[in-house]
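Chemist:
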Amino acid sequence: MAEFVDQVVLYIKAGDGGHGCASIHREKFKPLGGPDGGNGGRGGDVLLEVDANTSTLLDYHHRPHRKAPNGKQGAGSNRDGANGEDVVLKVPNGTVVKDARTGEVLIDLVGVGTRYVVAQGGHGGLGNAALASTKRKAPGFALLGEPGDELEVILELKTVADVALVGFPNAGKSSLIAALSAARPKIADYPFTTLVPNLGVVTAGETVFTVADVPGLIPGASEGRGLGHEFLRHVERCSTIVHVLDCATIEPGRDPLSDYEAIEAELAAYGELDDRPRLVVLNKADVPDARELADMVRPMLEEKDLRVFTISAATHEGLRELSFAMAEMVTADRASRPVEEPTRLVIRPRQYGDTGFEVRRIDDDTFQVTGEKPERWIRQTDFSNDEAVGYLADRLERLGIEKALSEAGARDGAEVIIGPMEGGYVFDWHPTLDAAAVAQGPRGTDDRLG
Ligand SMILES: Nc1nc2c(ncn2[C@@H]2O[C@H](COP(=O)(O)OP(=O)(O)OP(=O)(O)O)[C@@H](O)[C@H]2O)c(=O)[nH]1
Ligand SMILES: [Mg+2]
Numbered sequence: 204m205a206e207f208v209d210q211v212v213l214y215i216k217a218g219d220g221g222h223g224c225a226s227i228h229r230e231k232f233k234p235l236g237g238p239d240g241g242n243g244g245r246g247g248d249v250l251l252e253v254d255a256n257t258s259t260l261l262d263y264h265h266r267p268h269r270k271a272p273n274g275k276q277g278a279g280s281n282r283d284g285a286n287g288e289d290v291v292l293k294v295p296n297g298t299v300v301k302d303a304r305t306g307e308v309l310i311d312l313v314g315v316g317t318r319y320v321v322a323q324g325g326h327g328g329l330g331n332a333a334l335a336s337t338k339r340k341a342p343g344f345a346l347l348g349e350p351g352d353e354l355e356v357i358l359e360l361k362t363v364a365d366v367a368l369v370g371f372p373n374a375g376k377s378s379l380i381a382a383l384s385a386a387r388p389k390i391a392d393y394p395f396t397t398l399v400p401n402l403g404v405v406t407a408g409e410t411v412f413t414v415a416d417v418p419g420l421i422p423g424a425s426e427g428r429g430l431g432h433e434f435l436r437h438v439e440r441c442s443t444i445v446h447v448l449d450c451a452t453i454e455p456g457r458d459p460l461s462d463y464e465a466i467e468a469e470l471a472a473y474g475e476l477d478d479r480p481r482l483v484v485l486n487k488a489d490v491p492d493a494r495e496l497a498d499m500v501r502p503m504l505e506e507k508d509l510r511v512f513t514i515s516a517a518t519h520e521g522l523r524e525l526s527f528a529m530a531e532m533v534t535a536d537r538a539s540r541p542v543e544e545p546t547r548l549v550i551r552p553r554q555y556g557d558t559g560f561e562v563r564r565i566d567d568d569t570f571q572v573t574g575e576k577p578e579r580w581i582r583q584t585d586f587s588n589d590e591a592v593g594y595l596a597d598r599l600e601r602l603g604i605e606k607a608l609s610e611a612g613a614r615d616g617a618e619v620i621i622g623p624m625e626g627g628y629v630f631d632w633h634p635t636l637d638a639a640a641v642a643q644g645p646r647g648t649d650d651r652l653g
């Protein structure tokens, strides 16, 4: 397999938040001081960053599991745990990030320096010092750190080429890239020599641009023949499409005009490329029969309002004119686009601070509560500590969940699921009319959540 990787599945885990600490200050002559448990540190984020010096996804192919460190636990004497460091993964310009489960495009990373937080680290849990209040002077519990995001993403590389060369196998696309640039792709007289796109940098006058070939396009590529449409993805961003037509082919049923139509049909089947301007190249003019054929079909192509260039990739005839015409198209396209300032924004996939929740009646005795806050609070709760469970009950009550459950028809003993139906937290609900009375009561068993 060639060492060209344009698609990888990446397994990403952001750091978990550190747990908060429950501790009571102790001094020689003051046996019971105030609470002094520090907060847990934040888990590290995993970011993707477009880097000018990265051109492949090969690294991720070899090491597809990436993880950011966890936050450290809080400690006594009000010492907060250290945050987990962020992990920055460098990706090439033009990397598309998709959710591997849904196939949904999360972001299209264009512009050197663009960053994207692909997995967010978990928040650290508060220590008991931070949880103390006038009501609860010395909490005997702390909050747990939250788990960091864990997900699978697909990274897909779309080469950011200015000019795309399309044409039948053997038409001379790779030869043309070699003739125009310093790239040295493999060239041979059999079809499908090129299995992955080649990229060359071309200079014409003041203009510098990139040219890529699209290998393996043949009639029926849209149904998976040849190399299929796989590589058209690479030219979605190109500004110009150049048809390389083989004027020297002796294959029956083929000629430059019908080749042109066949490739156009494949581009149309792929879609999204209709608006791209075209140039047409009649190649192999050094072969006498080919030149004759080129002279014959040239006017027919020009009738379609196409600019046509008769060239020889072998002798370099016509290449100067062609490269200047390409440069002209690229320059016009660049001028017509708004200047693409690299987005340096760090986009967060989800935001904290959503206050809502929703109560759903599943049946007479089963209710589901969903919402960012209640689900987070569940994750932060140490269920082996009754006081922590009591604190959770208070928070849920204050958010209005008890009231909402009553209104939805929940009765004492109903089963309530907080979070998703599969994997959510399940408890039997025992409403209290006066939750505050319980909150002020002694530490110990809280009978609302059991
Ligand atoms: N005489 C002549 N032969 C050429 C010219 N350009 C390419 N060829 C030959 O045509 C054959 C195919 O050239 P490639 O550049 O590999 O063609 P390609 O379009 O990249 O082909 P695939 O990679 O298989 O899709 C090779 O034997 C080249 O030497 C030309 O201008 N004149
Ligand atoms: Mg080739």
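First residue of the sequence shown: 204, per this note's numbering; consecutive thereafter.
Heads up, the beta-carbon is just placed ideally off N, CA and C, and yes, glycines get one too.
Rounded to the nearest angstrom, what separates Q323 and D239 at their Cα positions?
Modeler: The residue you call residue 323 lines up with position 120 of the sequence shown. The residue you call residue 239 lines up with position 36 of the sequence shown. Looking at the two C-alpha atoms, the distance is approximately 28 Å.
Chemist: Under three-state DSSP, which class holds V405?
Modeler: By 1-based counting over the sequence shown, the position of residue 405 is 202. Secondary structure of V405 (DSSP, three-state): strand.
Chemist: Per DSSP, what kind of secondary structure is E426 in: helix, strand or coil?
Modeler: Along the sequence shown, one-based indexing puts residue 426 at 223. Three-state DSSP puts E426 in a helix.
Chemist: Taking the alpha-carbon positions, what's the R579 to R269 distance?
Modeler: As a working mapping, residue 579 is identified with position 376 in the sequence shown. As a working mapping, residue 269 is identified with position 66 in the sequence shown. Near 24 Å, if we compare the C-alpha coordinates of R269 and R579.
Chemist: Express the C-alpha separation of L482 and F512 in angstroms, rounding to a whole number.
Modeler: One-based indexing of the sequence shown puts residue 512 at position 309. One-based indexing of the sequence shown puts residue 482 at position 279. One C-alpha to the other measures close to 8 Å.
Chemist: Excluding the 5 residues preceding and the 5 following Y628 in the sequence, name in chain order all residues of the same chain whose CB lies nearer than 8 Å to its CB.
Modeler: Taking the sequence shown and counting its residues from 1, one reaches residue 628 at position 425. Apart from sequence neighbours up to five positions away, the residues of its chain that approach Y628 with a beta-carbon distance below 8 Å are I581, I620, I621, G622, ordered along the chain.
Chemist: Check whether the region 294 to 312 and the region 219 to 238 are in contact - that is, three or more C-beta pairs closer than 8 Å.
Modeler: no
Chemist: Check for me: the alpha helix (DSSP H) holding V417 runs from which residue to which?
Modeler: What you label residue 417 is simply residue 214 of the sequence shown in a count that begins at 1. It is not in any alpha helix (DSSP H) - V417 carries neither H nor E in the DSSP assignment.
Chemist: Got a sec: does ligand 2 put a non-hydrogen atom nearer than 8 Å to the Cβ of I390?
Modeler: Stepping through the sequence shown from its first residue, residue 390 is reached at position 187. Flag set: Cβ of I390 near ligand 2.
Chemist: Confirm the yes/no value for this check: CB of L460, any heavy atom of ligand 1, distance under 8 Å.
Modeler: The residue you call residue 460 lines up with position 257 of the sequence shown. Checking the Cβ of L460 against ligand 1 gives no.
Chemist: Give the single residue among A415, A382, T397 whose Cα lies nearest to the Cα of K487.
Modeler: Residue numbering aside, residue 487 sits at position 284 when the sequence shown is read from its first letter. Selected option, being the one with the closest Cα: A382.
Chemist: Can you check whether the CB of L435 is closer than 9 Å to the CB of G429?
Modeler: Translated into the one-based positions of the sequence shown, residue 429 becomes position 226. Translated into the one-based positions of the sequence shown, residue 435 becomes position 232. No, they are not a contact pair.
Chemist: Could you check the C-alpha separation between I357 and T259 for me, to the nearest Å?
Modeler: The count along the sequence shown starts at 1 and reaches residue 357 at position 154. The count along the sequence shown starts at 1 and reaches residue 259 at position 56. Computed Cα separation, rounded: 14 Å.
Chemist: Say yes only if the C-beta of D492 is nearer than 8 Å to one or more non-hydrogen atoms of ligand 2, and no if none qualify.
Modeler: To locate residue 492, count along the sequence shown from 1; it is residue 289. It does not: the Cβ of D492 is nowhere closer than 8 Å to a heavy atom of ligand 2.
Chemist: Spell out a yes or no on whether the region 373 to 390 and the region 271 to 291 are touching, meaning 3 or more CB-CB pairs, one atom from each, closer than 8 Å.
Modeler: Fewer than three Cβ pairs drawn from the region 373 to 390 and the region 271 to 291 lie within less than 8 Å of each other, which leaves the two stretches out of contact.
Chemist: Candidates K606, A530, E600: which alpha carbon is nearest T406's?
Modeler: Counting from one through the sequence shown, the residue named residue 406 turns up at place 203. That would be A530, whose Cα lies nearest to the Cα of T406.
Chemist: Relative to the C-alpha of A528, which residue among S515, R540, R510 is closest?
Modeler: Here the question's residue 528 lines up with position 325 in the sequence shown. The shortest C-alpha separation from A528 is found at R510.
Chemist: Go ahead and pull the three-state DSSP assignment for V500.
Modeler: Counting from 1 along the sequence shown, the entry for residue 500 is found at position 297. In the structure shown, V500 sits in a helix (DSSP, three-state: H, G or I).
Chemist: Could you give the C-beta distance for D654 and A285, rounded to a whole number, given that I count them as a contact under 8 Å?
Modeler: No answer is possible for residue 654: it lies beyond the span of the chain, which begins at 204 and ends at 653.
Chemist: By alpha-carbon positions, which one of S442, V417, T443, E439 ends up nearest to G431?
Modeler: The residue labelled residue 431 in the question sits at position 228 within the sequence shown. For the residues S442, V417, T443, E439, the minimum Cα distance to G431 belongs to V417.
Chemist: Quick check on the DSSP output: the alpha helix (DSSP H) that includes R245 runs from which residue to which?
Modeler: One-based indexing of the sequence shown puts residue 245 at position 42. Element bounds for R245: n/a, residue is neither H nor E.
Chemist: What do you reckon, is the C-beta of D498 under 8 Å from a heavy atom of ligand 1?
Modeler: Counting from one through the sequence shown, the residue named residue 498 turns up at place 295. Checking every heavy atom of ligand 1 against the Cβ of D498, none is found closer than 8 Å.
Chemist: Would you mind sorting A217 into buried or exposed? The rule is 16 or more other CB atoms within 10 Å of its CB.
Modeler: Working through the sequence shown from its first residue, we reach residue 217 at position 14. Buried, since its Cβ has 16 or more Cβ neighbours within 10 Å.
Chemist: Cβ atoms of L608 and F570: under 9 Å apart, would you say?
Modeler: Along the sequence shown, read from residue 1 onward, the residue named residue 570 stands at position 367. Along the sequence shown, read from residue 1 onward, the residue named residue 608 stands at position 405. Less than 9 Å separates the beta-carbon of F570 from that of L608.
Chemist: Just to confirm, does K487 get its C-beta within under 8 Å of one of the non-hydrogen atoms of ligand 2?
Modeler: Indexing the sequence shown from 1 puts residue 487 at position 284. Result no, Cβ not under 8 Å from ligand 2.
Chemist: Taking the DSSP output, what are the residues bridged to V291?
Modeler: As a working note, residue 291 is residue 88 in the sequence shown. Its beta-bridge partners are L250.
Chemist: With T573 as the anchor, note down where its beta strand (DSSP E) starts and where it stops.
Modeler: Walking along the sequence shown from the start, residue 573 turns up at place 370. Note, T573: beta strand (DSSP E), 569 to 573.
Chemist: Put D392 into one of helix, strand or coil per three-state DSSP.
Modeler: By 1-based counting over the sequence shown, the position of residue 392 is 189. It is coil, neither helix nor strand.
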